[in-house]
Amino acid sequence: MKKTLKMQKNIIITAMFVFAFFGIQSAYATITSQLDIGDRGSEVTELQTYLSTNSDIYPSGLVTGYFGQLTKAGVERFQTDQGIVSSGTPATTGYGRVGPQTMARINSLLGSVYTPPVSVDASPQLSIPVVQYTNTTATFTWVTNEITNGHLYWSASPLQFNEATGPRQLPYVSGTLATDAGGFQTSHSVTVSNLQPNTTYYYLVRSVDSVGNMGMIWPSFFRTNQ
């Protein structure tokens, strides 16, 4: 019999830790665009508002709508704290910019899943994947708010990945890549076979639109049946 696993969050984390470390998350909106130093606008405001809930991450607490050096430093601390990247520059490793990995982690902590894009350059928004698995197969299904190509990375070892160093760049992800055979669409389904029984598998789902904007869900895992 298949079991259905619908992940309510993209990584196992206690509600007490989330509340204590990042405050009340429902007050914030989804971040849908990659952000770099020099950017302005409502999404920078959302980022700063979120970072300001933790003085260790963003000690200035300034919410100005402008992505300056103080915001960059806050993003660097967040990336280090969350194990995304801890050295380099925005251009070499993505350190200090909000790329798809950082954006996915922030949105997973916010509890944000699926909202319409605010501009043509917004990253695709993904629903939390539903994983149906047996002892040797697993099927992943999700939807996006625009037509995209679906990618699934999976492995029996924890996935390794890099932050993107610029807009419309697809960062490296370890593991085996499986793509949605349906091509560009809003409903996605990927099935992987020949899995080992009673084994933990790690996965990451991402979608890329026709102009190269990418959205992703923070890595998670499941365990096959015996």
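Using the numbering used here, the letters of the sequence shown correspond one by one to residues 202 to 427.
Think of the CB as a built atom: it goes at the ideal place given N, C-alpha and C, for glycine as much as any other residue.
As the crow flies, the alpha-carbon of residue 269 is around 22 Å from that of residue 369. Contact annotation: residue 372 and residue 345 have beta-carbon atoms that are not nearer than 7 Å.
Distances from the alpha-carbon of residue 385 to those of 253, 338, 413 put 413 closest. By DSSP's assignment, residue 426 forms no beta bridge with any residue. Around the CB of residue 348, fewer than 16 other CB atoms lie within 10 Å, so the residue is classed as exposed. Taken atom to atom, the span from the alpha-carbon of residue 248 to that of residue 231 is near 9 Å. The segment 328-341 and the segment 262-277 do not touch, with fewer than three beta-carbon pairs separated by less than 8 Å.
The residues 302, 303, 306, 364, in chain order, have a CB closer than 7 Å to that of residue 285 in the same chain once the five nearest residues on each side in sequence are set aside. The residues 258, 259, 275, in chain order, have a CB closer than 6 Å to that of residue 252 in the same chain once the five nearest residues on each side in sequence are set aside. Within the segment 336-360, the complete beta strand (DSSP E) segments at least 3 residues long are 339-356, listed from N- to C-terminus.
If you draw a 10 Å sphere on the C-beta of residue 424, you find fewer than 16 other C-beta atoms in it, and that means exposed.
In the three-state reduction of the DSSP assignment, residue 275 falls in the helix class, which pools H, G and I. The bridge partners DSSP lists for residue 407 are 352, 417. Within the same chain, Cβ atoms closer than 7 Å to the Cβ of residue 361 are found at 375, the five residues on either side in sequence being excluded. Contact check for residue 355 against residue 406 fails: the beta carbons are separated by 7 Å or more. When the alpha-carbon of residue 389 is set against those of 256, 298, 352, 240, the nearest one is in 352.
Around the CB of residue 243, fewer than 16 other CB atoms lie within 10 Å, so the residue is classed as exposed. Residue 303: member of the alpha helix (DSSP H) spanning 301-311, first to last residue. Bridge partners of residue 250 according to DSSP: none are assigned. Residue pairing from DSSP places residue 241 in a beta bridge opposite 267. Cβ neighbours of residue 281 within its own chain (closer than 7 Å, five residues either side excluded): 287.
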